[in-house]
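In terms of our numbering, the sequence shown opens at residue 417 and continues consecutively.
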Amino acid sequence: MFSGKTILITGGTGSFGRQFVRTVLARYNPRRLIVYSRDELKQYEMQQEFCHEALRFFIGDVRDGERLIQAMRGVDYVVHAAALKQVPAAEYNPMECIKTNIHGAENVIKAAIANNVKKIIALSTDKAANPINLYGATKLCSDKLFVAANNIVGSQKTRFAVVRYGNVVGSRGSVVPLFKKLVAQGAQELPITDVRMTRFWITLQQGVDFVLKSFERMQGGEIFVPKIPSSRIVDLAEAIAPGLPHKIIGIRPGEKLHEVMCPADDSHLTLEFDDHYVIKPSITFQTPVDYTVNPLGEHGWPVPQEFEYNSGTNPHFLTVEEIRELLK
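1. Whose C-beta lies closer than 8 Å to the C-beta of Asn531 among residues of the same chain, with five residues either side of it excluded?
2. For Arg615 versus Ser646, is the C-beta distance shorter than 8 Å?
3. Span of the alpha helix (DSSP H) holding Met740?
4. State buried or exposed for Ala544, treating a residue as buried only when at least 16 other CB atoms are found within 10 Å of its CB.
5. Identify which residue in Arg454, Ile536, Met677, Pro547 has its Cα closest to the Cα of Asn726.
6. Since Val719 and Gly637 are thought to touch, with beta carbons under 8 Å apart, how far apart are those beta carbons, to the nearest angstrom?
7. Below 8 Å between beta carbons: does that hold for Gly552 and Ala498?
8. State yes or no: is the C-beta of Leu561 within less than 8 Å of the C-beta of Cys513?
9. Hey, would you say Gln435 sits closer than 8 Å to Leu620, going by beta carbons?
10. Could you give the DSSP three-state label for Tyr581: helix, strand or coil?
11. Specify, as a first and last residue, the run of the beta strand (DSSP E) that Ile425 falls within.
12. Tell me which same chain residues have a C-beta within less than 7 Å of the C-beta of Lys629, skipping the five on either side of it?
13. With Cys513 as the anchor, note down where its alpha helix (DSSP H) starts and where it stops.
14. Measuring straight from C-alpha to C-alpha, what distance separates Leu424 and Glu722?
15. Tell me which residues share the same chain as Leu712 and place their Cβ nearer than 8 Å to its Cβ, disregarding the 5 neighbours each side in the sequence.
16. By the DSSP assignment, the beta strand (DSSP E) with Phe647 in it spans what residues?
17. Can you give me the Cβ contacts of Glu456 inside the same chain, cut-off strictly under 8 Å, excluding the 5 residues immediately before and after it?
18. Within the chosen definition, does the region 439 to 451 reach the region 461 to 472 through at least 3 CB pairs nearer than 8 Å?
19. Got a sec? Which residues, its chain only, sit under 6 Å from Gly520 by beta carbon, not counting five neighbours each side?
20. Contact defined as beta carbons within less than 8 Å: I believe Gly641 pairs with Tyr581. What is the distance between those atoms, to the nearest angstrom?
21. Hey, how far is the Cα of Gly716 from the Cα of Tyr693?
22. Classify Ile665 as helix, strand or coil using the three-state DSSP reduction.
23. Alpha carbon to alpha carbon, what distance is there between Pro697 and Ser571?
24. Starting from Glu688 and walking both ways along the alpha helix (DSSP H), at which residues does that stretch end?
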């Protein structure tokens, strides 16, 4: 699907972007693979790591609409991964989060439409479902923008979709590197926000694979949600530092005990497939779409009323041993 095509990824120097670039170059033969980000040092480091004739690097911010339009010329597919993601930082710097996560999403949409890009997938987060923090609220706005964009393209073939998943194992800023750092420094205890806390977990590679598969599955307007396991924060700590005592520090600003990816209020819009869910648009498009069957011939079925995909009630929980294997 991507061989001979031009792909652009915003926020391409982040954890997801690096793994995405690594995977696409290994599996496909793209005409161009454009890394769009604002960090020149990280771009320089990627240039040293990846030596490939298809790679292009664009310095730019998603807040800059004109630069995005320039960068997307001749682009076939876009992955929008750029975002401000730290929950406490967003609480203390709300306007900066809004500028990047909402206005930036709007700029990506406008640039894609202006350049007749074929397909765009925006990365979302479980925190966008029933959000209680600013980061989640901005990503919910972003999700709504990308879904509604399918209704404003007119006769163009440009299509937009969203991929929503949980915490990424080992990504920068996550709890796993923090715990490992503390253990390496000889910490006598690990900080635990709440012993009841649970989270959805996915590896970087699984996240990249799901995005690539969603490009094949998408018709426009879907929110794709993978079926992934949950883990308890105390089990995660035990997997990293067996027997090390825990210190309860309390929930940080904007945090939840459990995360949700498919809210009960969206159950009437949610379809279950073998390995994922699809949340259909709440608005009606000019051209009706049958989301129960995707372009790969996979069939979905409606979930029960008031169904909720919640990390605390997820039927699949990782054991301590499974977490250790995942961290390898």
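Glycine included, C-beta positions come from ideal geometry on N, C-alpha and C.
Let me spell this out:
1. Closer than 8 Å at Cβ, skipping near neighbours: Ile485, Met488, Arg489, Gly490, Val491.
2. Yes, the Cβ-Cβ distance between Arg615 and Ser646 is below 8 Å.
3. Looking at the sequence shown, residue 740 is not Met but Arg. Residues 736 to 743.
4. By the neighbour-count rule (16 or more Cβ atoms within 10 Å), Ala544 is buried.
5. Closest option to Asn726, Cα to Cα, is Met677.
6. In fact, because the Cβ distance is near 18 Å, the residues do not count as touching under 8 Å.
7. The Cβ-Cβ distance between Gly552 and Ala498 does not fall below 8 Å.
8. The criterion of a C-beta distance shorter than 8 Å is not satisfied by Leu561 and Cys513.
9. Result yes, Cβ atoms of Gln435 and Leu620 sit closer than 8 Å.
10. Tyr581 falls in the coil class under three-state DSSP.
11. Taken as a continuous stretch (DSSP letters only), the beta strand (DSSP E) holding Ile425 covers 422 to 426.
12. Contacts found: none.
13. Where Cys513 is concerned, the enclosing alpha helix (DSSP H) stretches over 510 to 514.
14. Leu424 and Glu722 have their C-alpha atoms roughly 38 Å apart.
15. Only Glu632, Arg633 meet the Cβ criterion.
16. As written in the sequence, residue 647 is Ser, which differs from the Phe given in the question. 646 to 648 is the extent of the beta strand (DSSP E) around Ser647.
17. For Glu456, where only same-chain residues beyond five positions count, the Cβ hits under 8 Å are Ile475.
18. Yes: at least three Cβ pairs fall under 8 Å.
19. Result list for Gly520: Val478, Arg479, in chain order.
20. Residue 641 is actually Val in this sequence, not Gly. Between Tyr581 and Val641 the Cβ distance is about 7 Å, and since that is below 8 Å, they are a contact.
21. Our two residues, Gly716 and Tyr693, have alpha carbons roughly 8 Å apart in a direct line.
22. Three-state DSSP puts Ile665 in coil, outside helix and strand.
23. Here the C-alpha atom of Ser571 lies approximately 19 Å from the C-alpha atom of Pro697.
24. The continuous stretches of alpha helix (DSSP H) do not include Glu688, which lies in the beta strand (DSSP E) extending over residues 686 to 688.
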